[in-house]
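Colleague: Here you go, one structure.
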Amino acid sequence: MVVRNTGLDVKPPKTGCNDPLCPFHGHLSVRGRVFEGTVAGSRSPKTVSVERAYLHYYTKYSRYERRRSKTLAHNPPCISAAEGDKVTIAECRPLSKEVTFVVVEKTGGAA
């Protein structure tokens, strides 16, 4: 099993896969932004919805407000993140109309 170097500081998965859209075992290159979040849903096959929370600053009130956003990401079979898992996603080329990220690491299990 040959594992490609993605250029990110993540641990490669222990299992292999034959998905061409896998950054470790396929031909998909990652570039750009890297986020951490929680898998909110996995209704479609090989695609998960990742929710991430962040703070937005209001200068008028000198306070922060909590916000959250959902991003669709490709889920390779070697990682197979399930609902509730904490994951790291990285930007890649557009894979479909709304999917431009791929799951590169599962950092934590279901809470």
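Numbered per the numbering used here, the sequence shown spans residues 2 to 112.
Yeah, the Cβ is synthetic: ideal placement off N, Cα and C, and Gly gets one too.
Give every residue of the same chain whose Cβ lies closer than 7 angstroms to the Cβ of Cys18, excluding the five residues on either side of it in the sequence, and list them in chain order.
Modeller: Start at 1 with the first residue of the sequence shown, and residue 18 comes out as number 17. Once the five neighbours on either side are set aside, the close Cβ partners of Cys18 are His26, Pro77, Pro78, Cys79.
Colleague: Can you tell me which of the three DSSP states Glu66 falls into?
Modeller: Your numbering for residue 66 matches position 65 in the sequence shown. Here Glu66 sits in strand by DSSP.
Colleague: If you drop the 5 nearest sequence neighbours on each side, which residues of the same chain put their C-beta closer than 7 angstroms to that of Asp137?
Modeller: Examination of residue 137 is not possible in this model, given that the chain is present from 2 through 112 alone.
Colleague: Determine, using beta-carbon pairs with one atom in the stretch 52-71 and one in the stretch 4-18, whether at least three such pairs fall under 8 angstroms.
Modeller: No, the stretch 52-71 is not in contact with the stretch 4-18.
Colleague: For Ser45, name the three-state secondary structure that DSSP assigns.
Modeller: The residue labelled residue 45 in the question sits at position 44 within the sequence shown. Of the three classes helix, strand and coil, the one that applies to Ser45 here is coil, per DSSP.
Colleague: Which residue from Ala74, Arg34, Val3 puts its Cα closest to that of Ala41?
Modeller: Sequence index remark: in the sequence shown, residue 41 carries index 40 (1-based). Checking every option, the nearest Cα to that of Ala41 belongs to Ala74.
Colleague: If you run the structure through DSSP and keep just helix, strand and coil, what is Arg32?
Modeller: Within the sequence shown, residue 32 is the residue found at index 31, counting from 1. Residue state, collapsed to three classes: strand.
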